[in-house]
């Protein structure tokens, strides 16, 4: 009995002591919190006026990604002052983007952004939304909308068209309506009244919508995909298209897909000048694109993105390349520094090569893997390997390749060693190559090795190679073959007294269990070995 009493007394004493310790811990945590707050108040950024902090918020929101993604709202968690500033920063809340299907969460987010944006001009993007309520909520604020972009299911997008004229858009500058492809025989007209309710419209992008081309005036940007003339419900004639472009001399961007008609026999067309054009995108039949380029007078600095169907052999490319040579080699044209050759791998059971794209860029840096705006781009569909080399040779001879110092070959997975010899021979100033560690790298490196040993080929000794290593979740045999080929090339250059200056290995996307020493032996073959292994 006495033992039980002693045990109970010990337990009670321990509980009291634990309670005292817990209170002390809480007190110390409170003191730490007070000290942190005091330290934060002493930080220089805390002394900045609200106006400067709001500018910092704007810069952070822009640099951290798309403002409409709301990633910048993490700033609201810093302190109460920042929370209040962010809540009342109307401009940042005015970038609204809704993706996917309608949910209560999407509705709540839209309501919150519309409220917190206050009186700020709105930039609205609806992507594959399925609720008419979204459109209705947004259009209730039509007087503030400066950009309205709707993409997705045809029924949803086209349902907005007849509603637009019943609202006023006094500040609307950009309107994009891009439905999915609609069934043949279905026509949806762009209401003429929209030009009255949106008097400041400067940029228009439409897909599968008929409109009266004669009403287009004062636009800076025009993008039309398979749009017919509303008065006839058929594609505009070549004459009507030129007339429309002639009424838009201030165009800076022009994007046309499947809209150009054939020339009328015996008819003489007057060329149209677009002196301010900065970007021209054409996707149509090769003959139609060639005809339109023949009748357009554009600055030599205009960036071109051409996707002609029917360009399958070098002979077919001749006429359009004559026009392009005059444009690309003008004394006032931009000087390309980077050439990007894309030729994706296809099924090995077929000899047909579906796609060859050649791009050039002005800045001497690797183009973004997901696509940068090229200064020149042309797409083709060679019928075989011989046709590929013909087209590639003719295009590269059209470009001013003497100025090209950088080659991006990361997406040229289908190019053979023979094709690479052809391409490399046309790049006398080449210094830097960007590669994936795959079959494409093997073929290019082997081509360089062959050009090193064979007198009939000009030598191409590089200064820099950037190698991107990916974890493809497959057998690493192609990687090993490419690495062995690269080692042989670097040893050959090292023996010749012209070692590679820099080899950069980008392993951020590579396998986590890669051999740490697989690249170590390369350090003695190059001037500098750089390894980037910070995971992303």
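In full-length UniProt numbering, the protein residues as written are 1 to 536. We treat Cβ as the ideally placed atom computed from N, Cα and C, and that holds for glycine.
Check                                                                                                                                                                                              : Outcome
Cβ of residue 132 within 9 Å of Cβ of residue 152?                                                                                                                                                 : no
Tell me, to the nearest whole angstrom, how far the beta carbon of residue 251 is from that of residue 277; I am working on the premise that it is less than 8 Å.                                  : 6 Å
Contact defined as beta carbons within less than 8 Å: I believe residue 321 pairs with residue 398. What is the distance between those atoms, to the nearest angstrom?                             : 5 Å
Measuring straight from C-alpha to C-alpha, what distance separates residue 108 and residue 490?                                                                                                   : 59 Å
According to DSSP, what are the bridge partners of residue 104?                                                                                                                                    : Residue 104 is not bridged to any residue.
Between the alpha carbons of residue 373 and residue 26, how many angstroms are there, rounded?                                                                                                    : 57 Å
Output yes or no for whether 9 Å exceeds the beta carbon distance between residue 355 and residue 367.                                                                                             : no
Determine the direct distance from the alpha carbon of residue 420 to that of residue 383, and round the result to whole angstroms.                                                                : 18 Å
Beta carbon of residue 297, beta carbon of residue 272: below 9 Å?                                                                                                                                 : yes
Does the beta-carbon of residue 260 have 16 or more other beta-carbons within 10 angstroms, so that it is buried, or is it exposed?                                                                : buried
So, helix, strand or coil for residue 148, using DSSP?                                                                                                                                             : strand
Please go through the same chain and pick out, in chain order, the residues whose beta-carbon is closer than 8 Å to the beta-carbon of residue 210, but skip the five residues on each side of it. : 187, 188, 189, 190, 227, 228, 229, 230, 233
Note down the Cα distance separating residue 402 from residue 340, rounded to an integer number of angstroms.                                                                                      : 15 Å
Given a threshold of 16 other Cβ atoms within 10 Å of its Cβ, counted over all protein chains shown, does residue 439 qualify as buried or as exposed?                                             : buried
For residue 98, write down the residues that DSSP places opposite it in a beta bridge.                                                                                                             : 126
I'd like the ranges of any beta strand (DSSP E) spanning at least 3 consecutive residues and lying wholly in the stretch 416 to 454.                                                               : 432 to 436
Who are the near neighbours of residue 307 in its chain, counting only those whose CB is closer than 6 Å to its CB and skipping five residues on each side?                                        : 283, 379
Going by beta carbon distance, what residues of the same chain come within less than 8 Å of residue 69, once the five residues before and after it are set aside?                                  : 97
In chain order, what residues of the same chain lie with their CB nearer than 6 Å to the CB of residue 330, ignoring the 5 residues before and after it?                                           : 300
Given this structure, state the Cα-to-Cα distance separating residue 106 from residue 150, to the nearest angstrom.                                                                                : 16 Å
Determine the DSSP secondary structure at residue 472, reduced to helix, strand or coil.                                                                                                           : Low confidence applies to residue 472: its pLDDT is 49, below 50, so where it sits in the model is not reliable, and the reading given next is rough at best. Looking at residue 472 - three-state DSSP - the assignment turns out to be coil, as it is neither helix nor strand.
Give the straight-line distance between the Cα atoms of residue 295 and residue 269, rounded to the nearest whole angstrom.                                                                        : 7 Å
By Cβ distance, which residues of its chain are closer than 7 Å to residue 446, with the 5 residues on each side in sequence left out?                                                             : 417, 485
The ligand MG and residue 142: does any heavy atom of the ligand fall closer than 8 Å to the residue's C-beta?                                                                                     : No copy of the ligand MG appears in this structure; indeed no ligand is present at all.
Could you pull out every residue in the same chain whose Cβ sits closer than 7 Å to the Cβ of residue 617, ignoring the five residues on either side in sequence?                                  : There is no way to answer for residue 617, as the model of the chain reaches only from 1 to 536.
Under the three-state reduction of DSSP, which class applies to residue 234: helix, strand or coil?                                                                                                : strand
With residue 175 and residue 201 assumed to form a contact (beta carbons below 8 Å), what rounded beta-carbon distance in angstroms separates them?                                                : 6 Å
Could you give the distance in angstroms between the alpha-carbon of residue 408 and the alpha-carbon of residue 377?                                                                              : 14 Å
Could you check which residue in 265, 285, 375, 163 has the C-alpha nearest to that of residue 304?                                                                                                : 375
Can you name the start and end residues of the alpha helix (DSSP H) that residue 85 belongs to?                                                                                                    : 80 to 87
Which residues does DSSP pair with residue 279 in a beta bridge?                                                                                                                                   : 253, 303
So what does DSSP say about residue 348, is it helix, strand or coil?                                                                                                                              : A caution first: residue 348 carries a pLDDT of 49, below 50, which makes its placement in the model unreliable, though a value can still be read off. Looking at residue 348 - three-state DSSP - the assignment turns out to be coil, as it is neither helix nor strand.
To the nearest angstrom, how far is the alpha carbon of residue 530 from that of residue 431?                                                                                                      : 17 Å
How about residue 293 and residue 400: do their beta carbons lie closer than 9 Å?                                                                                                                  : no
So, is the C-beta of residue 240 closer than 9 Å to a C-beta in chain B?                                                                                                                           : Structure shown: chain B not included; a single protein chain is present.
Once you ignore the five residues that flank residue 280 on each side, which residues in its own chain have a CB closer than 6 Å to its CB?                                                        : 254, 302, 304
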